[in-house]
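Q: Residue numbers (this note's numbering): 18 to 109.
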């Protein structure tokens with residue numbers, strides 16, 4: 018076999034491996050501190066615009082308790098999921 022063909026095949030295999038790795042790493046992207054702050058702020062402001070006074074107080078106190086408890090216990094993704102769960106709980 019010609020060395021150019023072998024070299025071409027090796028490069029193609031390496032490119033396929035790199036592309037697969039990039040696709041996997043994009044799907045598992047973690048959120049940063051700034052994005053977490055923005056998303057929590059978004060749900061908080063949305064809650065205070067939409068909720069009744071009673072639900073605003075409940076949402077606020079439960080959110081504050083969860084955030085106080087979250088320090089080092091949960092990942093950023095888990096914190097965001099919990100914020101969304103609390104939001105959905107009081108939305109109705």
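Glycine residues also receive a C-beta, built at the ideal position from the N, C-alpha and C atoms.
State buried or exposed for residue 36, treating a residue as buried only when at least 16 other CB atoms are found within 10 Å of its CB.
A: So residue 36 ends up on the exposed side.
Q: If you reduce the DSSP assignment to three classes, tell me which class residue 86 lands in.
A: In this structure, residue 86 counts as helix in the three-state DSSP scheme.
Q: Should the stretch 66–75 be regarded as contacting the stretch 21–30, the criterion being three or more beta carbon pairs within less than 8 Å?
A: The stretch 66–75, when compared against the stretch 21–30, does not touch it at the 8 Å Cβ threshold.
Q: Can you grab the Cα-Cα spacing for the pair residue 20 / residue 26, in whole Å?
A: Cα-Cα distance, rounded: 10 Å.
Q: Report back the beta-carbon spacing between residue 47 and residue 94 to the nearest angstrom; my notes put them in contact at under 8 Å.
A: The Cβ separation is near 7 Å, so the contact holds.
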